[in-house]
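Worksheet: one structure, shown below.
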Amino acid sequence: MRFAALTLTALTLPGLAFADPDPDRGAPLFEASCAQVCHVMQGEAFNNGLTAQNRSEVITFAKRFCPADAGGKHLTETDLADIAAHLDREHYHFKTP
Numbered sequence: 005m006r007f008a009a010l011t012l013t014a015l016t017l018p019g020l021a022f023a024d025p026d027p028d029r030g031a032p033l034f035e036a037s038c039a040q041v042c043h044v045m046q047g048e049a050f051n052n053g054l055t056a057q058n059r060s061e062v063i064t065f066a067k068r069f070c071p072a073d074a075g076g077k078h079l080t081e082t083d084l085a086d087i088a089a090h091l092d093r094e095h096y097h098f099k100t101p
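In terms of the working numbering, the sequence shown has 12 at position 8, counting the first letter as 1, and numbering is strictly consecutive.
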């Protein structure tokens, strides 16, 4: 019985880990954690001209440059993926996610 429960758990967890990013969830996260500190609502940062080329770079930039006091350090991987999806939909329009 224990083996069956562990197997069922192992089979369901990968699906949760690879859920599609949710831009609707990312919008309020971006507004609360990013837009009021370093960005305008369209996503542009007050920086030296760095521009992400895909969603993965958005996430990398956020991890590297988002100030801790802006709330960026508390964002989970899912939060960051959702924010990147929001910015892609509303601003960047990347050719591939």
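Backbone N, C-alpha and C fix where the C-beta goes; we use that ideal spot for every residue, glycine too.
**Study point:** Whether G30 touches A89 by CB criterion (8 angstroms)
**Key:** yes
Practice item. Report the three-state DSSP secondary structure of H78 (helix, strand or coil). Key: helix
Review point. What is the rounded straight-line gap between the Cα of S37 and the Cα of E81?
Key: 14 angstroms
Review point. How would you call A85, buried or exposed, if buried means at least 16 neighbouring beta carbons within 10 angstroms?
Key: buried
Practice item. Pull up the distance between the alpha-carbon of Q24 and that of D83, whole angstroms please. Key: Sequence inspection shows Asp at residue 24; the Gln mentioned does not correspond to that position. Roughly 12 angstroms separates the two Cα atoms.
Exercise for review: Please state whether DSSP places H95 in a helix, a strand or coil.
Suggested key: helix
Review point. Taking the alpha carbon of E61 as the point to measure from, which residue in D28, D26, L91 and P27 has its own alpha carbon closest?
Key: L91
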